[in-house]
Amino acid sequence: MRPEATEEDTSPMPATEPTKIRNIAVAGHRGVGKTSLVEALLFEAGKTNRLGSIEQGTTVSDWDEHEQRRAMSLSGSLCHLEWKERKINLVDTPGDAGFQADTYAALRVVEGVVVVLSGVMGVEVNTSRVWQRAEQQELSRVLFVNMLDRERADFFRVLEAARQQLSDRCVAIQLPIGAEHELTGIVDLLHMCAYMDPSGGREGGAQPIPDSMTDFVQEHREKLLDAVVETDEDLMARYLEGEELEAQAVADALKQAVTRDELYPVACGVATKNLGTAALLDLLVEGVPSPAKKGTTIEFGDAKQAVFVFKTIADPFTGRISCFRVLAGPVSGDTTLVDPRTHAKERLGQVLLLQGKDSEAVDALGIGDLGAVAKLKDVVTGDVLVDHEVAVEPPHIDFPEPVMSFAVTPKAKGDEEKMGTGLRRLHEEDPTLIMRRDPQTGEQLLSGLSQMQVEVAVDRLQTRFHVDVELHPPRVPYKETIRKEARARHRYKKQTGGRGQFGDCEIVLEPLPAENGELGYEFVDKIVGGAISQSYRPAVDKGVREAMEHGELAGAPIQGVRVVLVDGMEHNVDSSEMAFKIAGSMAFKEAYAKADPVLLEPIMQVEVAVPDDAVGAVNGDLNSRRGRLQGMEPAAGMTMVKAEVPMAEILTYSQALTSMTGGRGDYSMHFLRYEEVPTHVAQKIIEQTKKEREEAKV
Ligand SMILES: Nc1nc2c(ncn2[C@@H]2O[C@H](COP(=O)(O)OP(=O)(O)OP(=O)(O)O)[C@@H](O)[C@H]2O)c(=O)[nH]1
Ligand SMILES: [Mg+2]
């Protein structure tokens, strides 16, 4: 007899069909209301019973204690909801420049992006960056102009900015009713209806458009129609003949245009009041293509089951959680996959759906769906797991390069290993957070995309891994080189009781020009006759190399030198390799002092995105940092200032830029080349080194 189904019925729940899935990243500039919008969408769809807020630290997606403490998103957060019989997976991404790794990874696993803009600020630096990424991935995009209840918010100004700076194919699909604190609702230009402000409750369904707006709405409806018919030849023909186009035909054409990434509808609302969410969800379901329609560009060979890991959460308690997209499936729990990168077998225990920090086990996930699994062994973000060994090229996510480094040391002696383990785990979570030892200065460096990112890592080391660390500006990796030729001879001779020491060599130092920007070293043997026998000559080279490790000026490595061994002498009993090594080293030091040695410093190429009103201040400041301006270009409502600046002057730039631009500035930099330090600056560094050496002696 068949048992009756109970609540604990374990019959497998079918995976969601790929046609019924919508994968969407919510992205944009810092603090425009992305997390608040995701919160509102979950609430509107009935996934939550109350609208959480950033202020109270009660949103689903900013669940981490550090996110709540700083009132900002620090990592991507995966959520899901159902709307009109579709499953919508949402990835709430951080807007801060320091945490873009998750944003870029999320853009690899979705078909659509809601680009959120502030109704006050409009297009900002990161709006443009996200837009460009989405463009590269050919993702469907819907814009959401948020915060329309705020003072100085202006939907039409933002719309115009989006058309100018992002794409002229941005077109309003909604309009606000009223403005700023008198905003009372929005008009849906596609379905020609209105939604009134629900003040934080669920949205109340479609309403008639207020009479007072008829003409205005008509004007914008026509703009929308113009834009839509342009993407559809049949409609265009009928439109030009003056035919009245039925609403459904327009809606279908719009949907197709959004799906094909040809039109970018601009929606609007107020996330914190839940205004505009129903219309937005409709638009996402209709416009964003399903994984069945769009497919993925990530390779998985002929695998029958395959997943792509786009995010790793390093939880000290549950262990590692890997978030993935199913490439081929369905994929169920209790499956063993293989990671072609490591050739290791990885067992998937339970397959999970994530809702912020909460997880729910499901039987299986179908193609295109997003989910997670705990405790994989050696899987890192970016890996593709498959059911049998196939040669797949994992997708290149192209994470941004770190722009700043700090020297990091544990407060307590003996905590080095704990710090190392913690930082390695944090790097798994955020691949743009990089730990390395500088071979020249010996310091442990922590590099990242922003000061905030590094500071958050320090906080996490403390709360998760219980190790307190300190950050210092790193030592600048200076180098030394010579400007002119010099010659020296050194005889190393020791006569003691037994066998003595004898080595004698004469060398000439010559400046060696850089090759491909790299300063090198060359040893040339020009001994004629047999002044020094063949077997001792490499010892001279060795001695020279040792002397070059720490130059006399600032203890920095010497580069850009050709050493020519021209003469010497040996003793048939007392000579040894050791004696020639010492002679080589001493001869080098003597010649070096006469060869006009100079100090070199790394020069960075710096690009600063500056709000127009702060350009003067930023340029002046770069000047005072010995920077050389290379040019200025308008970029997304800002000015992109390019300059070459010595690394020593820009180690602590982030705070200065924040205060000059009210937090609206943004910068990136990379190493360019080494250059001679100006004399007055070099003098200070040399004196400082001298002082440190003397102190070390005492
Ligand atoms: N007045 C008003 N405030 C809003 C609105 N949306 C968000 N906020 C507030 O703006 C602030 C930032 O909101 P978040 O949701 O954290 O913005 P975010 O884009 O997720 O920020 P990051 O993830 O840090 O980039 C919070 O204080 C929100 O309460 C809105 O529509 N109107
Ligand atoms: Mg957020």
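Following the working numbering, the numbering of the sequence shown begins with 1 at its first residue and continues without gaps. Note that the Cβ used here is the ideal one computed from N, Cα and C, for glycine as well.
Checklist entry - Do ILE532 and GLU590 have their CB atoms nearer than 7 angstroms? => result Annotated as distal: ILE532 and GLU590, with beta-carbon spacing of 7 angstroms or more.
Item to check | DSSP three-state assignment for GLU522, whether helix, strand or coil | outcome: strand
Item to check | Option in ARG221, GLU111 and VAL373 with minimal Cα separation from GLY707 | outcome: This structure cannot settle anything about residue 707, because the visible part of the chain is limited to 1 through 698.
Checklist entry - Which residue comes first and which comes last in the beta strand (DSSP E) that contains ALA595? => result Here ALA595 belongs to no beta strand (DSSP E), and DSSP marks it neither H nor E.
Next on the checklist: In the DSSP output, what is PRO634 paired with across the bridge?
Outcome noted: THR639
Item to check | PRO778 versus ILE685: straight-line alpha-carbon distance, rounded | outcome: There is no way to answer for residue 778, as the model of the chain reaches only from 1 to 698.
Item to check | Sequence-ordered residues whose beta carbon comes within less than 5 angstroms of a heavy atom of ligand 2 | outcome: LYS34, THR35 and SER73
Next on the checklist: Quick check on DSSP: helix, strand or coil for SER322?
Outcome noted: Under the three-state reduction of DSSP, SER322 is assigned to strand.
Checklist entry - Residues in its own chain within less than 7 angstroms of THR35 by CB, not counting five upstream and five downstream? => result ILE54, THR59, SER61, ASP62, SER73 and ASP92
Checklist entry - Any idea which residues DSSP pairs ASP567 with across the strands? => result GLU506
Item to check | Residue from ALA45, ALA643 and GLY119 with nearest C-alpha to VAL270 | outcome: GLY119
Next on the checklist: Just verifying my parser: in three-state terms, what is the DSSP assignment at MET121?
Outcome noted: coil
Checklist entry - What are the complete alpha helix (DSSP H) segments, minimum 4 residues, inside the segment 365-450? => result The qualifying runs are 416-429.
Checklist entry - What whole-angstrom Cβ distance do VAL116 and GLY28 have, given they're in contact under 8 angstroms? => result 4 angstroms
Next on the checklist: Since LEU281 and VAL250 should fall inside the 8 angstroms C-beta cutoff, what is the C-beta to C-beta distance between them, to a whole number of angstroms?
Outcome noted: Cβ-Cβ separation between LEU281 and VAL250: approximately 19 angstroms, too far for a contact (criterion under 8 angstroms).
Next on the checklist: Please report the straight-line C-alpha distance between LYS642 and ASP149, rounded to a whole angstrom.
Outcome noted: 36 angstroms
Checklist entry - What is the rounded straight-line gap between the Cα of PHE99 and the Cα of PRO431? => result 10 angstroms
Checklist entry - DSSP on HIS181, reduced to helix/strand/coil? => result helix
Next on the checklist: On the criterion of 16 or more Cβ atoms from any shown chain inside 10 Å, does HIS343 qualify as buried, or is it exposed?
Outcome noted: exposed
Checklist entry - Name the DSSP bridge partner or partners of PHE144? => result VAL116 and ALA267
Next on the checklist: Using C-beta distances below 8 angstroms, list every residue in its chain close to VAL38, excluding the 5 sequence neighbours before and after it, in chain order.
Outcome noted: VAL26, THR59, VAL60, SER61, SER77, CYS79, LEU90 and ASP92
Next on the checklist: Can you look up PHE300 in the DSSP assignment and give me helix, strand or coil?
Outcome noted: Note: PHE300 maps to coil in three-state DSSP.
Item to check | Residue from PRO474, THR496, ASP504 and GLY500 with nearest C-alpha to ALA488 | outcome: ASP504
Item to check | Residue from LEU190, MET578, ARG202 and GLN56 whose Cα sits closest to the Cα of PHE502 | outcome: MET578
Next on the checklist: Within 10 Å of its beta-carbon, does LYS494 have 16 or more other beta-carbons around it, so buried, or fewer, so exposed?
Outcome noted: exposed
Checklist entry - Relative to the alpha-carbon of GLU753, which residue among LYS413, GLN305, GLN444 and GLY627 has its alpha-carbon at the smallest distance? => result There is simply no residue 753 to check, as the chain begins at 1 and stops at 698 in what is shown.
Item to check | Span separating the alpha-carbon of PHE155 from that of ASP398 | outcome: 34 angstroms
Item to check | LYS690 versus MET640: straight-line alpha-carbon distance, rounded | outcome: 40 angstroms
Item to check | Paired residues, beta bridge with PHE465 - DSSP | outcome: None, per the DSSP bridge assignment.
Next on the checklist: What would DSSP say about ILE532, mapped onto helix, strand or coil?
Outcome noted: coil
Next on the checklist: ligand 1 and ASN146: does any heavy atom of the ligand fall closer than 6 angstroms to the residue's C-beta?
Outcome noted: yes
Next on the checklist: By DSSP's criteria, TYR667 is part of a beta bridge. Which residues make up the other side?
Outcome noted: When beta bridges are read from the DSSP output, TYR667 appears opposite VAL608.
Item to check | CA-to-CA distance, ASP102 to THR679, given in whole angstroms | outcome: 45 angstroms
Checklist entry - DSSP on HIS490, reduced to helix/strand/coil? => result strand
Item to check | Neighbour-count burial assignment, ALA15, 16 or more Cβ in a 10 Å radius | outcome: buried
Item to check | Stretch-stretch touch, CB-based, cutoff 8 angstroms, three pairs: the segment 392-406 with the segment 351-362 | outcome: Using a C-beta cut-off of 8 angstroms, the segment 392-406 makes no contact with the segment 351-362, since fewer than three inter-stretch Cβ pairs fall below that distance.
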